[in-house]
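Chemist: Counting in our numbering, the sequence shown runs without a single skipped number right up to 993 at its last residue.
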Amino acid sequence: MIRGGLVIDPSVGLDAIRDVAITGGKIVAVDANLTGEAKETIDARGKIVAPGLIDIHTHAGRGKEGPELALKDGVTGWVDAGSGGADNIDQVAAVARGAPQIGRVLVNIARTGVAAGGELHDINAANVALAQGAIARNRDVVVGVKARLSENVAGTNDLEALRRAQEAAAPFNLPVMIHIGQTYSPMRAILPLLKRGDIVTHMYAPAPNGILDDQGRLFADVAGARRRGIIFDFGNGVADHFDWPTVERAVKQGFWPDTFSTDWNVMSKTTGVVDFPNVISKFIMLGMPLSQVIACATVNAARVFPSFDNRGTLNVGAPADVAMLELRDGTFEFVDNYKGTRTGRQRLFPAGTVIEGKTVQRA
Ligand SMILES: [Zn+2]
631 MIRGGLVIDP SVGLDAIRDV AITGGKIVAV DANLTGEAKE TIDARGKIVA PGLIDIHTHA
691 GRGKEGPELA LKDGVTGWVD AGSGGADNID QVAAVARGAP QIGRVLVNIA RTGVAAGGEL
751 HDINAANVAL AQGAIARNRD VVVGVKARLS ENVAGTNDLE ALRRAQEAAA PFNLPVMIHI
811 GQTYSPMRAI LPLLKRGDIV THMYAPAPNG ILDDQGRLFA DVAGARRRGI IFDFGNGVAD
871 HFDWPTVERA VKQGFWPDTF STDWNVMSKT TGVVDFPNVI SKFIMLGMPL SQVIACATVN
931 AARVFPSFDN RGTLNVGAPA DVAMLELRDG TFEFVDNYKG TRTGRQRLFP AGTVIEGKTV
991 QRA
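1. Are the segment 765-782 and the segment 725-736 in contact at 8 angstroms, needing three or more beta carbon pairs?
2. Using DSSP with H/G/I as helix, E/B as strand and the rest coil, what is residue 765?
3. So, residue 808 versus residue 830, is the Cβ gap smaller than 8 angstroms?
4. Looking only at its own chain, which residues have a Cβ that is under 7 angstroms from the Cβ of residue 838, when we skip the five neighbours before and after it?
5. Does the beta carbon of residue 855 fall short of 7 angstroms from some heavy atom of ligand 1?
6. Below 7 angstroms, is the gap between the Cβ of residue 693 and the nearest heavy atom of ligand 1?
7. Assign residue 963 to one of two classes, buried (16 or more other C-beta atoms within 10 Å of its C-beta) or exposed (fewer than that).
8. Closest by CA to residue 957, which one among 939, 882, 719, 915?
9. Under the criterion of a Cβ to heavy atom distance below 7 angstroms, does residue 863 qualify as lining ligand 1?
10. Compute the distance between the beta-carbons of residue 864 and residue 890, then report whether it is under 8 angstroms.
11. Tell me which same chain residues have a C-beta within less than 6 angstroms of the C-beta of residue 677, skipping the five on either side of it?
12. Mapping DSSP to helix, strand and coil, what is residue 820?
13. Locate the alpha helix (DSSP H) running through residue 656, then write down its first and last residues.
14. Can you tell me which of the three DSSP states residue 774 falls into?
15. So what's residue 878 in DSSP terms, helix, strand or just coil?
16. Which term fits residue 878, buried or exposed, when burial requires 16 or more other beta carbons within 10 angstroms of its beta carbon?
17. When you compare the CB positions of residue 712 and residue 778, do they come within less than 8 angstroms of one another, or not?
18. Say yes only if the C-beta of residue 687 is nearer than 7 angstroms to one or more non-hydrogen atoms of ligand 1, and no if none qualify.
19. Quick check: what's the CA-CA separation for residue 728 versus residue 760?
20. What number of angstroms, rounded off, separates the C-alpha of residue 742 from the C-alpha of residue 718?
21. In terms of residues, what are the limits of the alpha helix (DSSP H) holding residue 782?
22. List in chain order: all unbroken beta strand (DSSP E) runs of 3+ residues lying wholly within the segment 665-742.
23. Confirm, please, whether the CB-CB distance from residue 739 to residue 944 is below 8 angstroms.
24. Ligand 1 and residue 867: does the residue's C-beta get closer than 7 angstroms to at least one heavy atom of that ligand?
25. Based on Cα-Cα distance, which residue from 701, 745, 664 lies nearest to residue 714?
26. Starting from residue 915, trace the alpha helix (DSSP H) both ways and give me its first and last residue.
27. What does the Cβ neighbour count give for residue 803, buried or exposed, with the cut at 16 atoms within 10 Å?
28. Closer than 7 angstroms to a non-hydrogen atom of ligand 1 - does that hold for the CB of residue 893?
29. Using a 10 Å radius around the Cβ and a threshold of 16 neighbouring Cβ atoms, would you call residue 631 buried or exposed?
30. Quick check: residue 992 and residue 702, are their CB atoms within less than 8 angstroms of each other?
31. Roughly how far, in whole angstroms, is the beta-carbon of residue 828 from the beta-carbon of residue 860, given that I think they are within contact range, below 8 angstroms?
32. Buried or exposed: where does residue 651 fall if 16 or more other Cβ atoms within 10 Å of its Cβ makes it buried?
33. Compute the minimum distance between the beta carbon of residue 711 and the heavy atoms of ligand 1, and state whether it is under 7 angstroms.
34. Please classify residue 646 as buried or exposed, where buried requires at least 16 neighbouring CB atoms within 10 angstroms.
35. Quick one: give me the first and last residue of the alpha helix (DSSP H) that residue 645 is part of.
36. Between which two residues does the beta strand (DSSP E) carrying residue 958 extend?
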């Protein structure tokens with residue numbers, strides 16, 4: 631039983647003090663002042679009780695220790711976005727299978743996976759048959775294909791790499807996630823190659839070739855892509871993926887993220903990412919309502935991949951994945967990828983995780 635917390639569950643429009651009862655790993659009741667004895671009671675007074683957080687762009691699959699660390703931050707579902715390609719996806723898939731929470735994987739269209747210096751300068755690395763083989767033998771955990779399109783990763787090959795990513799994904803009916811920012815080709819050439827359900831990560835990457843024109847206006851093609859069902863994901867990261875001026879110009883025009891994500895790895899504590907609740911807090915600072923902020927990190931993310939179908943919710947009957955968060959007042963500095971800072975007055979901190987009804991011991 632989780633007692634007395636502020637339950638924010640955008641999947642059912644709930645934002646109120648409630649008790650949450652869990653039996654057999656599932657949510658069995660959410661109501662005010664539930665009666666009855668519980669084997670274990672968590673006092674959540676003063677805390678936010680949210681569905682477990684789902685982070686759709688991480689590199690949690692790089693090593694065995696990643697998933698456990700993310701779980702302590704409230705992350706009860708993650709997607710490793712392209713750490714591995716056909717040559718090394720099996721190790722990433724093994725980490726996903728062994729994770730305490732739902733771990734899923736996007737196979738990099740480049741057979742090497744993410745490579746220092748860029749994995750797509752030689753377009754032959756984007757081998758469709760090999761990528762399809764990688765998907766076929768890891769069908770239980772692979773949920774899509776990733777293509778990193780920045781010029782320092784793909785040179786002038788961005789469009790061809792994306793075409794091949796779509797070709798690899800097509801027979802499996804899987805989405806493609808692209809990483810944008812400083813691409814060789816403009817968004818108006820890239821976006822037509824995306825289909826409904828595909829994901830654009832690092833959506834606020836600065837020029838050249840981001841989502842804003844030279845005057846800082848949102849490209850009509852970008853707004854059009856959202857209308858036809860392309861998902862735009864924040865993707866914090868550490869280098870070249872977002873700067874505050876781009877974020878501020880875009881949100882002023884109403885272009886907010888559908889989902890947040892960290893681009894997390896086990897070193898993220900020491901970067902501007904810190905943890906998923908810290909990344910989420912940047913949008914509280916920018917004025918997004920708290921229920922909307924929680925939605926981006928839970929139900930919206932769950933809708934992107936069918937693997938998370940019954941997650942991102944505290945609805946009765948759902949698996950009991952719960953993130954407890956503490957919203958602290960104070961002075962918090964939030965950093966972009968260019969050492970730019972903004973000061974916020976509130977920050978969410980991880981304050982306990984429950985995974986399928988089991989309490990996660992905090993470090
Ligand atoms: Zn990444």
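Even for Gly, the Cβ is constructed at its ideal location relative to N, Cα and C. Small disclaimer: the values here were computed from a predicted structure and weren't measured.
Modeler: Reading off the structure:
1. Output reads yes: the segment 725-736 touches the segment 765-782.
2. Residue 765 falls in the helix class under three-state DSSP.
3. Cβ distance < 8 angstroms, so residue 808 and residue 830 count as in contact.
4. Around residue 838, the same chain offers 812 as residues with beta carbons nearer than 7 angstroms, after the five sequence neighbours per side are excluded.
5. Incorrect: residue 855 has no Cβ contact closer than 7 angstroms to ligand 1.
6. No, ligand 1 has no heavy atom inside 7 angstroms of this Cβ.
7. Under the 10 Å beta carbon count, residue 963 is surrounded by fewer than 16 other beta carbons and is classified as exposed.
8. Considering only alpha carbons, the answer is 915.
9. False, no ligand heavy atom lies under 7 angstroms from that Cβ.
10. A contact, by the Cβ cut-off of 8 angstroms.
11. Here the set comprises 635, 954, 956, 981.
12. Looking at residue 820 - three-state DSSP - the assignment turns out to be helix.
13. Counting along the chain, residue 656 falls outside any alpha helix (DSSP H), though it belongs to the beta strand (DSSP E) covering 656-661.
14. Here residue 774 sits in strand by DSSP.
15. If DSSP states are grouped into helix, strand and coil, residue 878 belongs with the helices.
16. Taking all protein chains shown into account, residue 878 has fewer than 16 neighbouring C-beta atoms within 10 Å of its C-beta and is therefore exposed.
17. Residue 778 is positioned such that its CB atom lies closer than 8 angstroms to that of residue 712.
18. Residue 687 Cβ: within cutoff of ligand 1.
19. In this model, residue 728 and residue 760 are separated by some 24 angstroms (Cα to Cα).
20. Taking the straight line joining both Cα atoms gives about 7 angstroms.
21. Per DSSP, residue 782 belongs to the alpha helix (DSSP H) from 781-784.
22. DSSP runs (the beta strand (DSSP E)) wholly in the segment 665-742: 678-681, 683-688, 705-711, 732-738.
23. Taking 8 angstroms as the Cβ cut-off, residue 944 and residue 739 do not qualify as a contacting pair.
24. Relative to the non-hydrogen atoms of ligand 1, the Cβ of residue 867 comes within a distance shorter than 7 angstroms of at least one.
25. It is 745.
26. In this chain, the alpha helix (DSSP H) harbouring residue 915 covers 906-915.
27. By the neighbour-count criterion, in which 16 or more other beta carbons inside 10 Å mark a residue as buried, residue 803 falls on the exposed side.
28. The answer is yes for residue 893.
29. Label assigned to residue 631: buried.
30. Yes.
31. Residue 828 to residue 860, Cβ: 6 angstroms. Contact.
32. Residue 651 is classed as buried because its beta carbon has at least 16 other beta carbons within 10 Å across all chains shown.
33. Distances taken from the Cβ of residue 711 to the heavy atoms of ligand 1 include one shorter than 7 angstroms.
34. Residue 646 is exposed by the Cβ-count criterion.
35. Premise fails: residue 645 lies in the beta strand (DSSP E), 644-653, not in any alpha helix (DSSP H).
36. Per DSSP, the unbroken beta strand (DSSP E) holding residue 958 starts and ends at 952-965.
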